[in-house]
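K.L.:
With this note's numbering, the residue at position 33 of the sequence shown is 33, and numbering never jumps.
Next up is a structure, given as structure tokens.
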Amino acid sequence: MDDLWNRMRSRAGQAAFEAEKVRQITALQLKIRTLRQQGEQAAQQAGTIAYQLYRAGQVTPPALQQACAALDMLETQIATHEQEIEQIRAQQFVVPVTPAVVLICPQGHGTLLPGDSFCQQCGARGVMPASNLCPHCHAPLPPNARFCTVCGNPVAAAAPPPPSTLCPQCRQPITPTIHFCTNCGYDLRQSQTRSTPSPIITTPPSSATDTPTSESWLNEEPTPVPPQLPWTENPALPVPVPSPETEATDDAPTVSSGAQLPLTAIEEIEQPPALPDQTTCPVCGHVVAANVGLCTECGHPLGGQHEEETIENKPASRSCPVCHSVVAPGAVFCTGCGHYLGVVTGDLGEE
1 MDDLWNRMRS
11 RAGQAAFEAE
21 KVRQITALQL
31 KIRTLRQQGE
41 QAAQQAGTIA
51 YQLYRAGQVT
61 PPALQQACAA
71 LDMLETQIAT
81 HEQEIEQIRA
91 QQFVVPVTPA
101 VVLICPQGHG
111 TLLPGDSFCQ
121 QCGARGVMPA
131 SNLCPHCHAP
141 LPPNARFCTV
151 CGNPVAAAAP
161 PPPSTLCPQC
171 RQPITPTIHF
181 CTNCGYDLRQ
191 SQTRSTPSPI
201 ITTPPSSATD
211 TPTSESWLNE
221 EPTPVPPQLP
231 WTENPALPVP
241 VPSPETEATD
251 DAPTVSSGAQ
261 LPLTAIEEIE
271 QPPALPDQTT
281 CPVCGHVVAA
291 NVGLCTECGH
301 PLGGQHEEET
311 IENKPASRSC
321 PVCHSVVAPG
331 AVFCTGCGHY
341 LGVVTGDLGE
351 E
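Written as structure tokens, this is what we have:
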């Protein structure tokens with residue numbers, strides 16, 4: 001099919017070439033005919049002048065020289081155009097060479113000759129050159145190939161694509177800094193907890209009945225500690241503190257009332273005094289602004305006149321019933337804890 005199309009295109013080009021030759025020859029012949037007519041007119045004018053001079057007996061050479069010079073110029077132009085016609089007639093049609101697609105041998109014998117469709121060495125049908133070729137035999141390689149299937153030489157593997165952050169449940173792109181998927185509400189801290197090993201500590205016995213007489217507690221199995229949650233900054237480790245009912249013995253150490261506890265014990269931090277436009281949360285003691293309705297530290301609702309004024313003046317909004325975080329009016333999942341908030345149907349109505 002391609003050969004037939006090429007022949008038809010070649011014949012069309014040859015016909016156009018011959019038509020152009022005829023046009024050029026016709027134009028030059030028209031010029032020659034015009035010049036001949038002008039020459040005949042000049043000859044007639046020269047003859048008329050010579051005849052008139054002859055009749056008058058006043059033959060002057062300059063007048064005859066000018067007429068003869070014009071006639072000679074016309075003859076020169078006619079000869080030049082006739083030579084151009086002969087050159088045009090001698091031209092031959094040259095078939096334009098179109099760049100053919102160079103195929104390659106699938107068996108690794110290199111590129112085929114221009115216009116060939118089969119390999120001259122193995123007879124295999126040529127294929128289009130792929131972007132991924134073997135650097136040794138130039139055979140096409142399948143995707144992610146580590147060895148050439150023709151020559152067996154190893155090839156450099158392509159660099160893996162950069163890892164993308166996707167939700168493990170719905171496979172949607174997520175921001176690496178969030179804790180819950182904004183599409184399905186999946187708790188992303190679960191995957192982080194699984195990948196982070198849990199710290200292991202050992203605690204010595206603290207009571208008289210559990211205290212061994214030797215250092216055999218060093219050989220006991222370690223006690224795993226739950227992983228640190230994202231919302232806790234400094235979780236206190238369990239510290240063995242003897243109770244008042246525990247009787248002191250010679251083998252177990254005693255803790256007096258004035259003794260200092262270990263550094264891991266939780267110390268009560270005194271909150272700064274509240275200003276006139278501030279209030280103190282009755283649960284955690286955190287100082288917050290007086291016109292807020294919830295504690296910004298623990299989420300405890302703060303009652304009073306300021307809360308009523310704030311609720312009346314602020315626009316309609318929702319808060320999570322679990323962590324009391326303020327969420328957007330159209331949110332389905334809480335962005336703080338991932339709790340399912342339901343679908344909003346009307347004036348903050350939920351289904």
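Glycine included, each C-beta is placed from N, C-alpha and C at the ideal position.
According to DSSP, is residue 44 helix, strand or coil?
P.N.:
Of the three classes helix, strand and coil, the one that applies to residue 44 here is helix, per DSSP.
K.L.:
Quick one: what does DSSP say residue 173 is sitting in, helix, strand or coil?
P.N.:
The answer is strand: DSSP assigns residue 173 an E or B state.
K.L.:
Once DSSP output is grouped into helix, strand and coil, what is the label at residue 18?
P.N.:
Helix, per DSSP.
K.L.:
Could you tell me which residues DSSP puts in a beta bridge with residue 154?
P.N.:
In the DSSP output, where bridge partners are listed per residue, residue 154 has 147.
K.L.:
Among the candidates 145, 82, 62, whose CA atom is the shortest distance from the CA of residue 26?
P.N.:
Among 145, 82, 62, the Cα nearest to that of residue 26 is on 82.
K.L.:
Helix, strand or coil for residue 34, going by three-state DSSP, please let me know.
P.N.:
Residue 34: helix per DSSP, three-state reduction.
K.L.:
Tell me whether residue 120 sits in a helix, a strand or coil according to DSSP, three-state version.
P.N.:
Coil.
K.L.:
What does the Cβ neighbour count give for residue 15, buried or exposed, with the cut at 16 atoms within 10 Å?
P.N.:
Classification for residue 15: exposed.
K.L.:
Going by the beta-carbon positions, is the gap between residue 74 and residue 39 smaller than 8 angstroms?
P.N.:
Yes, the pair counts as a contact, with Cβ atoms nearer than the cut-off.
K.L.:
Under 8 angstroms: do the segment 290–299 and the segment 317–330 share three or more Cβ pairs, one atom per stretch?
P.N.:
With a cut-off of 8 angstroms, the segment 317–330 and the segment 290–299 count as touching, because enough Cβ pairs lie within range.
K.L.:
Any idea if residue 330 is buried or exposed, counting beta-carbon neighbours within 10 angstroms, 16 or more meaning buried?
P.N.:
Under this definition residue 330 is an exposed residue.
K.L.:
Less than 8 angstroms between the beta carbons of residue 35 and residue 78, yes or no?
P.N.:
Yes, they are a contact pair.
K.L.:
Does the Cβ of residue 288 have 16 or more other Cβ atoms within 10 Å, making it buried, or fewer, making it exposed?
P.N.:
Buried, because 16 or more other Cβ atoms sit within 10 Å of the Cβ of residue 288.
K.L.:
Buried or exposed: where does residue 178 fall if 16 or more other Cβ atoms within 10 Å of its Cβ makes it buried?
P.N.:
With fewer than 16 other Cβ atoms within 10 Å, it is exposed.
K.L.:
In three-state DSSP terms, what is residue 62?
P.N.:
Here residue 62 sits in helix by DSSP.
K.L.:
For a minimum of 3 consecutive residues, which ranges assigned as the beta strand (DSSP E) are wholly contained in the segment 62–92?
P.N.:
The segment 62–92 contains no whole beta strand (DSSP E) run of 3 or more residues.
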